[in-house]
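Report on the following structure.
In the working numbering, the protein residues as written are 22 to 222.
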(Lines of atoms letter the chains of each structure in order from A; the text may use other names.)
(Lines give C-alpha, C1' and ligand atoms only; values in the text may rest on other atoms or scores of the structure.)
Protein backbone atom coordinates (compact mmCIF):
# COMPACT_ATOMS: atom_id res chain seq x y z
CA UNK A 22 0.00 0.00 0.00
CA UNK A 23 1.51 3.30 -1.12
CA UNK A 24 1.00 6.46 0.89
CA UNK A 25 0.97 9.79 -0.92
CA UNK A 26 2.50 12.78 0.88
CA UNK A 27 -1.02 13.92 1.77
CA UNK A 28 -1.98 10.50 3.12
CA UNK A 29 1.27 10.31 5.08
CA UNK A 30 0.70 13.72 6.63
CA UNK A 31 -2.84 12.69 7.56
CA UNK A 32 -1.53 9.51 9.17
CA UNK A 33 1.05 11.45 11.18
CA UNK A 34 -1.66 13.88 12.27
CA UNK A 35 -3.86 11.00 13.44
CA UNK A 36 -1.01 9.42 15.41
CA UNK A 37 0.05 12.75 16.92
CA UNK A 38 -3.49 13.66 17.93
CA UNK A 39 -4.02 10.18 19.37
CA UNK A 40 -0.91 10.46 21.53
CA UNK A 41 -2.11 13.81 22.88
CA UNK A 42 -5.68 12.65 23.46
CA UNK A 43 -4.47 9.44 25.11
CA UNK A 44 -2.41 11.53 27.49
CA UNK A 45 -5.37 13.79 28.18
CA UNK A 46 -7.58 10.82 29.10
CA UNK A 47 -5.11 9.91 31.86
CA UNK A 48 -5.22 13.46 33.17
CA UNK A 49 -9.00 13.63 32.76
CA UNK A 50 -9.55 10.71 35.14
CA UNK A 51 -8.76 13.03 38.01
CA UNK A 52 -10.48 16.11 36.60
CA UNK A 53 -13.76 15.11 34.94
CA UNK A 54 -16.90 15.29 37.08
CA UNK A 55 -18.29 12.00 38.33
CA UNK A 56 -20.98 12.04 35.63
CA UNK A 57 -18.36 11.90 32.84
CA UNK A 58 -15.45 10.19 34.57
CA UNK A 59 -16.20 6.85 32.87
CA UNK A 60 -15.40 8.38 29.46
CA UNK A 61 -11.71 8.32 30.33
CA UNK A 62 -11.85 4.68 31.41
CA UNK A 63 -14.14 2.90 28.97
CA UNK A 64 -13.76 1.11 25.61
CA UNK A 65 -16.32 3.42 24.02
CA UNK A 66 -14.27 6.49 24.90
CA UNK A 67 -11.15 5.45 23.01
CA UNK A 68 -13.20 3.85 20.24
CA UNK A 69 -15.05 7.12 19.69
CA UNK A 70 -11.80 9.09 19.59
CA UNK A 71 -10.25 6.62 17.14
CA UNK A 72 -13.31 6.67 14.88
CA UNK A 73 -13.48 10.47 14.82
CA UNK A 74 -9.78 10.88 14.07
CA UNK A 75 -9.82 8.27 11.29
CA UNK A 76 -13.03 9.65 9.76
CA UNK A 77 -11.55 13.14 9.68
CA UNK A 78 -8.96 11.98 7.12
CA UNK A 79 -11.63 10.38 4.87
CA UNK A 80 -9.42 7.36 4.06
CA UNK A 81 -10.04 4.29 1.96
CA UNK A 82 -11.12 1.17 3.83
CA UNK A 83 -7.59 -0.23 3.73
CA UNK A 84 -6.01 2.92 5.06
CA UNK A 85 -8.81 3.22 7.56
CA UNK A 86 -7.85 -0.19 8.95
CA UNK A 87 -4.20 0.85 9.28
CA UNK A 88 -5.09 4.19 10.85
CA UNK A 89 -7.47 2.46 13.25
CA UNK A 90 -4.64 0.37 14.65
CA UNK A 91 -2.20 3.29 14.70
CA UNK A 92 -4.67 5.57 16.46
CA UNK A 93 -5.80 3.08 19.08
CA UNK A 94 -2.26 2.02 19.97
CA UNK A 95 -1.10 5.65 20.04
CA UNK A 96 -3.94 6.46 22.44
CA UNK A 97 -2.72 3.67 24.73
CA UNK A 98 0.89 4.88 24.53
CA UNK A 99 -0.10 8.49 25.16
CA UNK A 100 -2.11 7.36 28.17
CA UNK A 101 0.90 5.36 29.41
CA UNK A 102 3.34 8.26 29.13
CA UNK A 103 0.96 10.68 30.85
CA UNK A 104 0.29 8.18 33.63
CA UNK A 105 4.01 7.66 34.21
CA UNK A 106 4.52 11.44 34.35
CA UNK A 107 1.81 11.57 37.01
CA UNK A 108 3.69 8.98 39.05
CA UNK A 109 1.36 6.11 38.16
CA UNK A 110 2.39 2.70 36.88
CA UNK A 111 0.55 1.49 33.78
CA UNK A 112 1.31 -1.49 31.55
CA UNK A 113 0.20 -0.77 27.97
CA UNK A 114 0.55 -4.35 26.73
CA UNK A 115 -3.04 -5.54 27.25
CA UNK A 116 -4.82 -2.57 25.67
CA UNK A 117 -2.25 -2.35 22.89
CA UNK A 118 -3.17 -5.92 21.92
CA UNK A 119 -6.85 -4.96 22.08
CA UNK A 120 -6.07 -2.01 19.83
CA UNK A 121 -4.27 -4.18 17.30
CA UNK A 122 -7.25 -6.55 17.18
CA UNK A 123 -10.09 -4.01 17.32
CA UNK A 124 -8.38 -1.09 15.59
CA UNK A 125 -8.84 -2.34 12.00
CA UNK A 126 -12.58 -2.85 12.52
CA UNK A 127 -13.01 0.60 14.07
CA UNK A 128 -10.95 2.19 11.31
CA UNK A 129 -12.83 0.42 8.53
CA UNK A 130 -16.18 1.36 10.08
CA UNK A 131 -15.15 5.00 10.38
CA UNK A 132 -13.85 5.07 6.79
CA UNK A 133 -17.06 3.47 5.55
CA UNK A 134 -19.24 6.07 7.30
CA UNK A 135 -17.56 8.93 5.42
CA UNK A 136 -17.18 6.96 2.20
CA UNK A 137 -19.34 7.14 -0.94
CA UNK A 138 -21.03 3.73 -0.66
CA UNK A 139 -24.39 3.72 1.14
CA UNK A 140 -24.34 0.06 2.16
CA UNK A 141 -20.85 0.29 3.62
CA UNK A 142 -21.76 3.52 5.41
CA UNK A 143 -24.82 1.85 6.90
CA UNK A 144 -22.85 -1.14 8.14
CA UNK A 145 -20.03 1.02 9.49
CA UNK A 146 -22.38 3.38 11.33
CA UNK A 147 -24.27 0.45 12.81
CA UNK A 148 -21.05 -1.12 14.04
CA UNK A 149 -19.92 2.10 15.73
CA UNK A 150 -23.36 2.61 17.22
CA UNK A 151 -23.14 -0.94 18.58
CA UNK A 152 -19.91 -0.05 20.40
CA UNK A 153 -21.68 2.79 22.18
CA UNK A 154 -24.85 0.86 22.95
CA UNK A 155 -23.02 -2.23 24.20
CA UNK A 156 -20.83 -0.13 26.47
CA UNK A 157 -23.87 1.74 27.76
CA UNK A 158 -25.65 -1.50 28.55
CA UNK A 159 -22.55 -2.92 30.24
CA UNK A 160 -22.10 0.19 32.33
CA UNK A 161 -25.69 0.34 33.49
CA UNK A 162 -25.89 -3.35 34.32
CA UNK A 163 -22.42 -4.36 35.49
CA UNK A 164 -20.74 -1.34 37.07
CA UNK A 165 -23.72 0.81 38.01
CA UNK A 166 -22.95 0.54 41.70
CA UNK A 167 -19.52 2.15 41.33
CA UNK A 168 -20.04 4.65 38.49
CA UNK A 169 -22.48 7.38 37.53
CA UNK A 170 -25.23 6.29 35.13
CA UNK A 171 -24.95 9.56 33.19
CA UNK A 172 -22.11 8.57 30.86
CA UNK A 173 -23.57 5.13 30.15
CA UNK A 174 -26.95 6.67 29.36
CA UNK A 175 -25.17 9.16 27.11
CA UNK A 176 -23.62 6.22 25.24
CA UNK A 177 -27.06 4.73 24.63
CA UNK A 178 -28.43 8.07 23.42
CA UNK A 179 -25.42 8.69 21.16
CA UNK A 180 -25.66 5.21 19.67
CA UNK A 181 -29.36 5.60 18.96
CA UNK A 182 -28.77 9.08 17.52
CA UNK A 183 -26.07 7.74 15.18
CA UNK A 184 -28.47 5.08 13.90
CA UNK A 185 -31.23 7.63 13.36
CA UNK A 186 -28.95 10.17 11.67
CA UNK A 187 -27.45 7.64 9.28
CA UNK A 188 -30.82 6.07 8.45
CA UNK A 189 -32.14 9.55 7.61
CA UNK A 190 -29.05 10.54 5.65
CA UNK A 191 -29.00 7.41 3.50
CA UNK A 192 -32.72 7.75 2.73
CA UNK A 193 -33.41 4.19 1.59
CA UNK A 194 -35.23 1.49 3.51
CA UNK A 195 -32.48 -1.01 2.70
CA UNK A 196 -29.78 1.26 4.11
CA UNK A 197 -31.86 2.01 7.20
CA UNK A 198 -32.36 -1.71 7.74
CA UNK A 199 -28.61 -2.20 7.31
CA UNK A 200 -27.80 0.35 10.01
CA UNK A 201 -30.21 -1.27 12.46
CA UNK A 202 -29.11 -4.83 11.69
CA UNK A 203 -25.44 -3.91 11.98
CA UNK A 204 -26.06 -2.12 15.27
CA UNK A 205 -27.98 -5.06 16.72
CA UNK A 206 -25.29 -7.52 15.64
CA UNK A 207 -22.45 -5.38 16.95
CA UNK A 208 -24.25 -4.78 20.23
CA UNK A 209 -24.71 -8.51 20.76
CA UNK A 210 -21.12 -9.42 19.93
CA UNK A 211 -19.59 -6.55 21.88
CA UNK A 212 -21.79 -7.10 24.93
CA UNK A 213 -20.20 -10.51 25.26
CA UNK A 214 -16.79 -9.07 24.42
CA UNK A 215 -16.97 -6.41 27.13
CA UNK A 216 -17.80 -9.01 29.75
CA UNK A 217 -14.85 -11.13 28.62
CA UNK A 218 -12.46 -8.16 28.49
CA UNK A 219 -13.40 -6.92 31.92
CA UNK A 220 -13.16 -10.42 33.28
CA UNK A 221 -9.64 -10.82 31.92
CA UNK A 222 -8.30 -7.34 32.65
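Beta carbons: idealized from backbone N, C-alpha and C, even for Gly.
Residues of the same chain with a CB within less than 6 angstroms of the CB of residue 132, apart from the 5 flanking positions on each side, are 80, 82, 85 in chain order. Each residue's CA atom was taken as its position, placing residue 135 and residue 158 some 27 angstroms apart.
Per DSSP, reduced to three states, the secondary structure at residue 110 is coil, with no helix or strand assignment. The Cβ atoms of residue 154 and residue 120 lie no closer than 7 angstroms to each other. At a Cβ-Cβ threshold of 7 angstroms, residue 124 and residue 93 count as neighbours. When 88, 101, 26 are compared, the shortest CA-CA separation from residue 61 is found for 101. Scanning its chain for C-beta atoms nearer than 6 angstroms, with the 5 sequence neighbours on each side dropped, one finds around residue 208 the residues 151, 154, 155, in chain order. In terms of Cβ geometry, residue 169 and residue 104 do not form a close pair [threshold 7 angstroms]. The C-beta of residue 129 has 16 or more other C-beta atoms within 10 Å across all chains shown, which makes the residue buried. Counting C-beta atoms within 10 angstroms of its own C-beta, residue 115 has fewer than 16 neighbours from the protein chains shown and is therefore classed as exposed. When C-alpha distances from residue 35 are compared across 56, 54, 95, the shortest belongs to 95. Taking each of 68, 171, 164 in turn and checking the Cα distance to residue 220, the smallest one comes out for 164. Rounded to the nearest whole angstrom, the CA to CA distance from residue 71 to residue 108 is 26 angstroms.
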